[in-house]
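*Asks:* Residue numbers (full-length UniProt numbering): 1 to 710.
The structure follows.
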Amino acid sequence: MNSYTCQCAPGYSGATCETNVNECESNPCLNGGTCTDGVNGYTCACTPGYSGATCATDVNECQPNPCLNGGTCTDGVNSYTCQCAPGYSGPGCATNINECSPNPCLNGGTCTDGVNSYTCQCAPGYSGTTCATNINECSPNPCLNGGTCTDGVNSYTCACAPGYSGATCATNINECSPNPCLNGGTCTDGVNSYTCACAPGYSGATCATNIDECSPNPCLNGGTCTDGVNSYTCACAPGYSGATCATNIDECSPNPCLNGGTCTDGVNSFTCACAPTYEGATCQSCSGTLADCNGLVSDGCEVNLQSDAAHCNVCSNACDMGQICSNAACQTPPSGQVPGTPINFPAPHNPLAPAVADVNNDGKLDILVANAESGSAATPSGSLSVFFGNRDATVQAEHYYTGAPLSSNAVVAADVDGDGWLDAVTVDGQTNLSSTNGSISVYLNRGASAPGLFGTLTSFTTGAPGSVHLCAGDFNGDGAVDIATTSVTTSNVSILLNDGDGHFSVSSPLIAIPSTGGVQSTIACRDLNGDGDPDIVVTSPSSARLNLLINQGNASFAAPVSYTNSRNGQTAGIAFGDADGDGNLDILSNGAAGAYLYVFKGAGNGTVASGVDSATGASAVANSALGVVASDFNGDGKLDAYILVTATTGGVRPMTGSGTGTFTSGTLVTTGSSPGLNAIAIADMNADGYVDLILTNKGSSTLTIVPNGL
């Protein structure tokens with residue numbers, strides 16, 4: 001077989017390779033490309049945006065990057081898109097977006113465009129990205145001194161606190177312009193205020209008020225005030241003078257009080273405290289029955305016409321020899337004492353012992369009484385009563401002072417602080433409190449401010465229990481009054497020295513005394529030897545002794561010297577006087593049982609003889625004598641005595657002196673009530689020239705004055 005095969009060249013086919021193979025038949029051109037067949041090949045006419053032999057490749061229009069200004073290109077088919085960076089726009093991001101359109105700047109701000117930004121040039125007063133914020137010109141507050149700020153646009157206004165002004169309230173308004181202060185006042189500006197320093201005499205916010213210098217009334221003592229400008233005048237009431245009538249015109253200058261009287265000024269008046277023996281408004285007259293028979297003012301009214309035998313009733317009217325003047329009449333002296341009718345006064349505080357002195361310096365004798373308020377061991381107490389005398393044997397109402405720590409048993413009047421006024425000193429002690437030391441209570445006289453009235457007591461220990469009696473004297477010669485007390489519990493004498501201001505201390509060890517024998521033991525102070533120093537006399541009832549302690553001149557005493565009495569009986573009270581007419585001081589003491597009066601005759605040298613008795617006629621059993629006083633009670637020039645006794649009613653027994661040292665008993669004068677009288681003193685209480693009796697009676701709660709009947 002004849003055959004052949006043709007090996008066709010590429011692009012051809014068929015037996016004889018006569019057929020051109022169509023390479024486009026399989027449409028190799030992609031993406032819409034158009035195929036053109038060739039010999040053994042084809043060509044593709046690609047649609048826009050594609051390339052490559054078969055148009056398989058998408059042309060990258062983003063290469064090179066057509067997007068400007070940082071835009072990001074995204075390729076498409078025959079196209080691209082630009083994602084522009086902020087602030088740009090357009091197909092190729094060529095356009096800078098104008099952020100100023102429309103104008104974002106508010107409130108008149110000017111916009112300047114940037115890239116994806118803008119800036120606002122704000123009008124004054126605004127701030128912020130878009131000038132939306134009104135700047136707060138009130139922060140911080142420009143308004144000073146408490147002003148209140150109100151914000152504006154590029155401005156502020158200040159509402160100033162009262163008193164300030166100006167844009168920022170910096171100016172303190174001057175309230176002193178024009179000057180609001182009247183009447184010469186000086187203005188000081190403040191804040192929304194002013195103060196006026198007023199001229200003297202004016203007051204008020206603007207000094208408009210004339211100060212009333214008369215309110216409150218500066219005129220003292222009832223003066224009438226007249227107001228001026230910064231002044232006043234006082235029309236003083238009578239008796240006063242000075243700008244404010246403060247000066248009490250001294251009607252005592254020159255002194256209108258005659259005869260040594262002391263003038264006390266009053267209001268438009270004066271009073272005269274007359275020297276003793278004078279009276280009257282100006283002390284021009286002799287008081288009572290007194291007379292100035294010698295015409296000498298220097299010795300005062302030296303004669304009591306009621307009792308002076310040389311001038312009885314009138315000057316130069318002398319009684320016959322041996323007569324006395326009694327009640328302004330001459331008569332023969334009575335053979336015995338003539339006691340008057342007792343006058344009783346209430347003494348409600350258990351009175352124990354009296355003392356007599358002029359404590360208020362009125363020339364009239366007053367009476368002080370020591371009281372045993374309570375002698376109980378549980379509630380011991382004492383007190384002092386003072387009765388001002390009227391110089392007619394009567395007394396005024398009681399002045400009463402409490403506070404003594406124990407029963408007050410006796411009292412003396414003495415100027416213990418040297419101020420010229422008599423003070424009171426009581427001795428306080430109880431025999432039923434054997435371990436409790438006694439004391440003295442000092443009541444100081446208040447003097448010229450309250451004559452005769454006393455301040456609160458001050459107590460000083462005696463250093464011994466059972467202190468029941470006392471006496472006063474300057475024992476060490478320093479000019480201050482000292483005190484001696486007895487202890488009937490321990491039989492001792494205590495010496496209490498005064499520092500001159502009324503303060504007392506026990507000076508030395510206690511002085512032992514022979515057994516005192518209880519509360520009837522008495523103590524007295526008297527110069528027995530004429531050396532000017534007070535000595536001490538103490539009775540010892542239980543041992544029938546009279547003890548003498550002679551002062552050595554320095555508050556020390558010689559050992560006690562004891563003297564007995566003729567009956568070897570009790571000795572109790574003490575009195576002094578010249579009983580036998582020899583010029584020496586004798587000592588009288590009564591027997592405690594009331595049966596005898598003893599006279600211990602003095603030698604003038606500090607020694608005495610044993611006691612010589614005079615019978616009283618009383619029963620030693622029925623009567624108990626507690627005290628004795630001595631004076632010339634009947635005016636015959638001889639020493640007499642009264643003995644205090646206890647009977648059912650109590651009383652005093654007169655003992656008339658013979659002038660030789662013996663005495664005759666008289667009729668008992670009854671006073672008070674059981675248990676009878678406690679103590680006795682003497683003084684001329686009615687200024688008749690004769691000594692009277694002063695008695696205390698605890699049993700009847702009375703103070704009794706027995707006037708002398710002469």
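All C-beta atoms in this analysis are idealised placements derived from N, C-alpha and C, irrespective of residue type, glycine included.
From a predicted model like this one, the values you see are computed outputs, not experimental measurements.
Check each candidate in S215, G530, N492 and A197 and name the one with the smallest Cα separation from G208.
*Replies:* One-based indexing of the sequence shown puts residue 208 at position 208. Looking at the sequence provided, one finds Ala at residue 208 rather than Gly. Answer by Cα proximity: A197.
*Asks:* Give the DSSP-derived three-state secondary structure of residue 770 in the structure shown.
*Replies:* Outside the displayed span of the chain (1 to 710) sits residue 770, for which this structure offers no information.
*Asks:* For I483, which residues in the same chain have their Cβ closer than 7 Å to its Cβ, ignoring the five residues on either side in sequence?
*Replies:* Position 483 of the sequence shown holds residue 483. Contacts found: V425, I440, L470, A472, L496 and F504.
*Asks:* Compare the C-alpha of D250 against each of L258, P238, A243 and N259 and name the closest.
*Replies:* One-based indexing of the sequence shown puts residue 250 at position 250. Per the Cα distances, P238.
*Asks:* For the beta strand (DSSP E) that H399 lies in, which residues bound it at each end?
*Replies:* On the sequence shown, residue 399 is found 399 positions in, with the first residue counted as 1. V395 to A404 is the span of the beta strand (DSSP E), which, as asked, contains H399.
*Asks:* Strictly by DSSP, which residues pair up with R446?
*Replies:* Here residue 446 is taken as the residue at index 446 of the sequence shown, counted from 1. Note: R446 sits in no beta bridge, so no partner.
*Asks:* So, using beta-carbon positions, are E99 and Y126 closer together than 8 Å?
*Replies:* Locating residue 99 in the sequence shown gives position 99, counting from the first residue. Locating residue 126 in the sequence shown gives position 126, counting from the first residue. Going by C-beta atoms, E99 is not nearer than 8 Å to Y126.
*Asks:* G657 lies in the beta strand (DSSP E); which residues open and close that run?
*Replies:* Along the sequence shown, one-based indexing puts residue 657 at 657. Per DSSP, G657 belongs to the beta strand (DSSP E) from G651 to G657.
*Asks:* Can you name the start and end residues of the beta strand (DSSP E) that V538 belongs to?
*Replies:* Residue mapping note: residue 538 aligns to position 538 of the sequence shown, counting from 1. Run containing V538: D535 to S540, per the beta strand (DSSP E) assignment.
*Asks:* Less than 8 Å separating the beta-carbons of L384 and L368?
*Replies:* As a working note, residue 384 is residue 384 in the sequence shown. As a working note, residue 368 is residue 368 in the sequence shown. Yes, they are a contact pair.
*Asks:* Determine the direct distance from the alpha carbon of Q284 to that of P509, and round the result to whole angstroms.
*Replies:* What you label residue 509 is simply residue 509 of the sequence shown in a count that begins at 1. What you label residue 284 is simply residue 284 of the sequence shown in a count that begins at 1. Those two C-alpha atoms are separated by around 54 Å.
*Asks:* Could you name the residues of the same chain whose beta carbon sits closer than 7 Å to that of V153, not counting the 5 residues immediately before and after it, in chain order?
*Replies:* Here residue 153 corresponds to residue number 153 of the sequence shown, with the count starting at 1. So the qualifying residues of the chain are G125 and N134.
*Asks:* In three-state DSSP terms, what is H311?
*Replies:* On the sequence shown, residue 311 is found 311 positions in, with the first residue counted as 1. DSSP places H311 in coil when its eight states are reduced to three.
*Asks:* Is A633 helix, strand or coil when you go by DSSP?
*Replies:* Residue 633 sits at position 633 when you count from the first residue of the sequence shown. Sequence check: residue 633 is Phe here, not Ala. F633 falls in the coil class under three-state DSSP.
*Asks:* Helix, strand or coil: how does DSSP classify D613 here?
*Replies:* Position 613 of the sequence shown holds residue 613. D613 falls in the strand class under three-state DSSP.
*Asks:* Taking C84 as the reference, which of V115, I523, N60 and C111 has the closest Cα?
*Replies:* Here residue 84 refers to the residue found at position 84 when the sequence shown is read from its first residue. Checking every option, the nearest Cα to that of C84 belongs to V115.
*Asks:* Where does the unbroken beta strand (DSSP E) through T206 begin, and where does it stop?
*Replies:* The residue you call residue 206 lines up with position 206 of the sequence shown. Counting along the chain, T206 falls outside any beta strand (DSSP E), and DSSP gives it neither H nor E.
*Asks:* Which residue comes first and which comes last in the beta strand (DSSP E) that contains F576?
*Replies:* If you number the sequence shown from 1, residue 576 lands on position 576. Start and end: A575 to G577.
*Asks:* Are the CB atoms of I587 and V629 nearer to each other than 8 Å?
*Replies:* Against the sequence shown, residue 587 aligns to sequence position 587. Against the sequence shown, residue 629 aligns to sequence position 629. Contact: no.
*Asks:* Just confirm the distance between the C-beta atoms of C44 and C29, as a whole number of angstroms; I'd bet it's less than 8 Å.
*Replies:* For this step, residue 44 is matched to residue 44 along the sequence shown. For this step, residue 29 is matched to residue 29 along the sequence shown. That belief holds up - the Cβ atoms of C44 and C29 are roughly 4 Å apart, short of 8 Å.
*Asks:* Are three or more beta carbon pairs between the region 593–602 and the region 290–299 nearer than 8 Å?
*Replies:* Judged by Cβ distances under 8 Å, the region 593–602 makes no contact with the region 290–299, as fewer than three pairs qualify.
*Asks:* Of all the options V412, A378 and V395, which has the alpha carbon lying nearest to the alpha carbon of Q430?
*Replies:* Start at 1 with the first residue of the sequence shown, and residue 430 comes out as number 430. Taking only the C-alpha atoms, the option nearest Q430 is A378.
*Asks:* Taking Cβ positions, are G635 and S326 nearer each other than 8 Å?
*Replies:* One-based indexing of the sequence shown puts residue 635 at position 635. One-based indexing of the sequence shown puts residue 326 at position 326. Yes. Within cutoff.
*Asks:* Between the Cα of C219 and the Cα atoms of D308, R391 and G242, which residue gives the shortest distance?
*Replies:* Taking the first residue of the sequence shown as 1, we reach residue 219 at position 219. Comparing Cα-Cα distances from C219 to each of D308, R391 and G242, the minimum goes to G242.
*Asks:* Do you know whose CA, among G32, N22 and Y42, lies nearest Y50's CA?
*Replies:* If you number the sequence shown from 1, residue 50 lands on position 50. Closest by alpha carbon: G32.
*Asks:* If you run the structure through DSSP and keep just helix, strand and coil, what is C29?
*Replies:* For this step, residue 29 is matched to residue 29 along the sequence shown. Looking at C29 - three-state DSSP - the assignment turns out to be coil, as it is neither helix nor strand.
*Asks:* Determine the DSSP secondary structure at R545, reduced to helix, strand or coil.
*Replies:* Against the sequence shown, residue 545 aligns to sequence position 545. Strand at R545.
*Asks:* Tell me the residue span of the beta strand (DSSP E) that contains N344.
*Replies:* Start at 1 with the first residue of the sequence shown, and residue 344 comes out as number 344. That run of the beta strand (DSSP E) goes I343 to P346.
*Asks:* Tell me which residues share the same chain as G447 and place their Cβ nearer than 8 Å to its Cβ, disregarding the 5 neighbours each side in the sequence.
*Replies:* Mapped onto the sequence shown, residue 447 falls at position 447. D419, G420 and W421.
*Asks:* Look up S508 in the DSSP assignment and say whether it is helix, strand or coil.
*Replies:* Against the sequence shown, residue 508 aligns to sequence position 508. In this structure, S508 counts as coil in the three-state DSSP scheme.
*Asks:* Between which two residues does the beta strand (DSSP E) containing A413 stretch?
*Replies:* Here residue 413 corresponds to residue number 413 of the sequence shown, with the count starting at 1. Taken as a continuous stretch (DSSP letters only), the beta strand (DSSP E) holding A413 covers S408 to A414.
*Asks:* Buried or exposed for T616, going by 16 or more other Cβ atoms inside 10 Å?
*Replies:* The sequence position of residue 616 within the sequence shown is 616, counting from 1. T616 should be labelled buried.
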